[in-house]
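K.L.:
Mind having a look at this structure? Questions to follow.
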């Protein structure tokens, strides 16, 4: 993908994060939810979107900084590190969630274990689907 298109896509993702964050905050404020998780999650999404917009502005302020960032992002070593970090994060999340399911189930907290079990199953199915799609593409 051309780098300028990638930057434009990132800009719209940042706007989307801010919009979803605002919707969640407004939903919490207007409906007075008992759970403050919705407000916190909305606020976090907004902050993340704003941070992405600031980063986008710094990258696109001139052609020289945009070219420098493009070289950084397309560097083979950085791409390898990024792919490996994502792989490790996925693997460790899956292992930790699996351990949490076992520990919670053995301690009798089946209701708490269920969301983690669904997470493990969902991530495994998603991995399998990605494997099939990537196998067809490459």
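Numbering (the working numbering), first residue to last: 716 to 853. Backbone N, C-alpha and C define an ideal beta-carbon position, used for all residues, glycine too. This one's a predicted model, so the numbers in the text were calculated from it and none came from an experiment.
Only counting the same chain, and skipping five residues up and downstream in sequence, which positions put a Cβ closer than 6 Å to that of residue 820?
P.N.:
As a working mapping, residue 820 is identified with position 105 in the chain shown. Same-chain partners within the cutoff: 828.
K.L.:
Does the beta-carbon of residue 752 have 16 or more other beta-carbons within 10 angstroms, so that it is buried, or is it exposed?
P.N.:
The residue you call residue 752 lines up with position 37 of the chain shown. Residue 752 is exposed by the Cβ-count criterion.
K.L.:
Count the other CB atoms, across all protein chains shown, that sit within 10 Å of the CB of residue 831; report buried if there are 16 or more and exposed otherwise.
P.N.:
The residue labelled residue 831 in the question sits at position 116 within the chain shown. That one is buried.
K.L.:
From the DSSP output, in three-state form, read off residue 790 for me.
P.N.:
To locate residue 790, count along the chain shown from 1; it is residue 75. Coil.
K.L.:
Give, in chain order, every unbroken run of the alpha helix (DSSP H) that is at least 4 residues long and sits entirely within the stretch 739-814.
P.N.:
Whole alpha helix (DSSP H) segments, 4+ residues: 752-775, 778-789.
K.L.:
Using a Cβ-Cβ cutoff of less than 6 Å, which residues in the same chain neighbour residue 728 once the five nearest sequence positions on both sides are dropped?
P.N.:
For the purposes of this step, residue 728 is identified with residue 13 of the chain shown, where counting begins at 1. Excluding positions up to five away in sequence, the list is empty.
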